[in-house]
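J.:
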Amino acid sequence: MAEPEALKYMSGFGNEFATEDPRCPGALPEGQNNPQKCPYDMYAEQLSGTAFTAPRAHNKRSWLYRIRPSVLHTPFKPINNGNMTNNWDSWPPNPNQLRWRPFDMPGEGAAEVDFVQGLSTVCGAGDTRSRHGAAIHIYACNSSMSEKSFYNSDGDFLIVPQQGELLIYTEFGKMLVNPNEICVIQQGMKFSVFVNGPSRGYVLEVFDGHFTLPDLGPIGANGLANPRDFLTPMAWFEDRPSDYTMISKFQGKLFAAGQRHSPYDVAAWHGNYHPYKYDLEKFMVINAVAFDHADPSIFTVLTCQSNKPGTAIADFVIFPPRWSVQERTFRPPYYHRNCMSEFMGLIKGKYEAKEEGFQPGGASLHSMMTPHGPDATCFENASNAPLKAERIADGTMAFMFESCLSLALTEWGDKTCQKVDPSYYEVWQPLQKRFKAEDGQAMA
Ligand SMILES: [Fe+2]
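Quick note on full-length UniProt numbering: the sequence shown kicks off at 1 and runs consecutively.
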């Protein structure tokens, strides 16, 4: 693993950055994207993240100045997909509330599994070919991607580490991403993940477009995830001969090609299409301060919008440590039936609405219109607790991937992983009828 102090970042969300590796001063051409000859005799290559003609406010592209162009590789051949899939029709639908115990990590003495090999798909919907949909994967790995690089031709990855730090080499530079941080690696960006030992986390993949910061409306100019807290790596390159394997996820399948050089040979780049990371501790929490319960959308970090106004292909929402102060209010999350799908994970600690059973490294899925809400113990306690100002979720970070899509469960998610908790429904069974007529008698 590289020393973290060697990693250098630029701050801002979706900014037009310009950066060059200090070992190659002047590597970035001045005033022209593609000169007849680039500085240091490099190749200029554009990576487009939107259509050429996307409106300027949405247009995403970067120019990379690299030692060799990306096209220098042998033909791609299909490889084993493992437990990663974008096929949503191979397993029957399951509308139940679902909860998973912590997903397995490769144990002691287990075979080496890297980030790509360790991707397992829990659920998803849509189609990579028509660029509409989302998938939720778990990664569990114990070894680094040695001389192996991956890019996703189908969409963007939002990676949520739960255990183990990830050192991620990208074409744009290197990032260190620890649990309680997230990173986004967008469509087409080459990357390799290096780990220190058993590592686990969650991946939200979106096919439609890119993540943006939510609009703030009357909140104003500041709040939630502030743009300056997003960090993008500065240019870094290596120039060495190698037998590199390039892996592309293309139309839901994995393909491998060979090349005789490191893909991390970009000495300079500029543009607004780049990977980034974000520390969840830096989220500015906004909440109700008088009475009633704000919807969880107030905790939205990033959103990938559909074509329907205000309706997300996927929102990334967190439940950070905060003060709870509402008066005459049932404070935990309300009972709910939603026209969206809600997948939750836990990075650390205990989630307030489910103190037991929902564990770090596990997950839950409350599908479209599937009823959910606090368990019986939580309901009882929160209905009777004295309502003083109190801290909640200290030491905890739960999150939600919320999607307008009806997410289909995979065979791995429902069966193969063997982590589905069949007793989950029981947490609500002790909920009693409490209704009484005004004379104190139950109504006939
Ligand atoms: Fe909900």
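Glycine is no exception: its CB is placed at the ideal position from the N, C-alpha and C atoms.
By the three-class DSSP mapping on this structure, what secondary structure does residue 4 have?
T.: Taking the sequence shown and counting its residues from 1, the one referred to as residue 4 is at position 4. Confidence in residue 4 is poor, its pLDDT being 49 and thus under 50, which makes the residue's placement unreliable; the coordinate value appears in the next sentence. Correct three-state label for residue 4: helix.
J.: By how many angstroms is the C-alpha of residue 236 removed from the C-alpha of residue 300?
T.: As a working mapping, residue 300 is identified with position 300 in the sequence shown. As a working mapping, residue 236 is identified with position 236 in the sequence shown. Taking the straight line joining both Cα atoms gives about 32 Å.
J.: So what does residue 183 bridge to, in DSSP terms?
T.: Residue mapping note: residue 183 aligns to position 183 of the sequence shown, counting from 1. Partner(s): 159 and 277.
J.: By the three-class DSSP mapping on this structure, what secondary structure does residue 171 have?
T.: Mapped onto the sequence shown, residue 171 falls at position 171. Residue state, collapsed to three classes: coil.
J.: Do residue 43 and residue 61 have their C-beta atoms within less than 8 Å of each other?
T.: Translated into positions along the sequence shown, residue 43 becomes position 43. Translated into positions along the sequence shown, residue 61 becomes position 61. In this structure, residue 61 does not lie closer than 8 Å to residue 43 by Cβ.
J.: Applying the 10 Å Cβ sphere with the 16-neighbour rule, what's the burial state of residue 19?
T.: Looking up residue 19 in the sequence shown gives position 19. Result: buried.
J.: Counting only runs of 3+ residues fully inside the UniProt domain "Homogentisate 1,2-dioxygenase C-terminal" (282–435), write out the beta strand (DSSP E) ranges in chain order.
T.: Taking only runs of at least 3 residues, the beta strand (DSSP E) segments lying wholly in the UniProt domain "Homogentisate 1,2-dioxygenase C-terminal" (282–435) are 300–305, 312–319, 322–324, 341–348, 363–366, 390–392 and 397–403.
J.: Quick one: Cα of residue 433 to Cα of residue 377, how far?
T.: By one-based count along the sequence shown, residue 433 stands at place 433. By one-based count along the sequence shown, residue 377 stands at place 377. The alpha-carbon atoms of residue 433 and residue 377 are separated by roughly 14 Å.
J.: Check whether the region 365–375 touches the region 106–113, taking contact to mean three or more Cβ pairs, one atom from each stretch, closer than 8 Å.
T.: Contact between the region 365–375 and the region 106–113 is absent, because fewer than three Cβ pairs lie under 8 Å.
J.: Looking at the structure shown, is residue 124 part of a helix, part of a strand, or coil, going by DSSP?
T.: For this step, residue 124 is matched to residue 124 along the sequence shown. Looking at residue 124 - three-state DSSP - the assignment turns out to be strand.
J.: Just the C-alpha distance for residue 329 and residue 292, rounded to the nearest angstrom, thanks.
T.: Locating residue 329 in the sequence shown gives position 329, where the first residue counts as 1. Locating residue 292 in the sequence shown gives position 292, where the first residue counts as 1. Roughly 5 Å between the two C-alpha positions.
J.: Consult DSSP for residue 217 and reduce its assignment to one of helix, strand or coil.
T.: As a working mapping, residue 217 is identified with position 217 in the sequence shown. Looking at residue 217 - three-state DSSP - the assignment turns out to be helix.
J.: Express the C-alpha separation of residue 45 and residue 98 in angstroms, rounding to a whole number.
T.: In the sequence shown, counting from the first residue as 1, residue 98 sits at position 98. In the sequence shown, counting from the first residue as 1, residue 45 sits at position 45. Looking at the two C-alpha atoms, the distance is approximately 45 Å.
J.: Can you tell me the Cα-Cα spacing of residue 403 and residue 312, whole angstroms?
T.: Taking the sequence shown and counting its residues from 1, the one referred to as residue 403 is at position 403. Taking the sequence shown and counting its residues from 1, the one referred to as residue 312 is at position 312. When rounded, the distance between both Cα atoms is 6 Å.
J.: Residue 270 and residue 17: beta carbons closer than 8 Å?
T.: Your numbering for residue 270 matches position 270 in the sequence shown. Your numbering for residue 17 matches position 17 in the sequence shown. The answer is yes: Cβ separation under 8 Å.
J.: For residue 435, count neighbouring C-beta atoms within 10 Å of its own C-beta (all shown protein chains included) and say buried if the count is 16 or more, exposed if not.
T.: To locate residue 435, count along the sequence shown from 1; it is residue 435. By the neighbour-count rule (16 or more Cβ atoms within 10 Å), residue 435 is not buried but exposed.
J.: Any contact of the region 303–310 with the region 278–295, i.e. 3+ C-beta pairs under 8 Å?
T.: As far as the Cβ criterion goes, the region 303–310 does not touch the region 278–295, which means the pair count is below three.
J.: Go ahead and label residue 426 buried or exposed: buried means 16 or more other beta carbons lie within 10 angstroms of its beta carbon, across all protein chains shown.
T.: Residue 426 sits at position 426 when you count from the first residue of the sequence shown. Exposed, by the Cβ-count rule.
J.: Closer than 7 Å: is that where the CB of residue 338 sits relative to any heavy atom of ligand 1?
T.: Your numbering for residue 338 matches position 338 in the sequence shown. Yes, the Cβ of residue 338 comes within 7 Å of a heavy atom of ligand 1.
J.: In terms of residue numbering, what span does the beta strand (DSSP E) encompassing residue 246 cover?
T.: Taking the first residue of the sequence shown as 1, we reach residue 246 at position 246. Looking at the DSSP string, the run of the beta strand (DSSP E) that includes residue 246 is 241–250.
J.: Assign residue 391 to one of two classes, buried (16 or more other C-beta atoms within 10 Å of its C-beta) or exposed (fewer than that).
T.: Sequence index remark: in the sequence shown, residue 391 carries index 391 (1-based). Residue 391 should be labelled exposed.
J.: Just checking, does the region 380–394 make contact with the region 127–139 on the three C-beta pairs under 8 Å criterion?
T.: Short answer: they don't touch.
J.: Can the beta-carbon of residue 211 be found closer than 8 Å to that of residue 304?
T.: Within the sequence shown, numbered from 1, the residue matching residue 211 stands at position 211. Within the sequence shown, numbered from 1, the residue matching residue 304 stands at position 304. Contact: yes.
J.: Tell me the DSSP bridge mates of residue 78?
T.: Counting from 1 along the sequence shown, the entry for residue 78 is found at position 78. According to DSSP, which records beta bridges pairwise, residue 78 is partnered with 255.
J.: Could you check what DSSP says for residue 10 in three-state terms: helix, strand or coil?
T.: The residue labelled residue 10 in the question sits at position 10 within the sequence shown. Note: residue 10 maps to strand in three-state DSSP.
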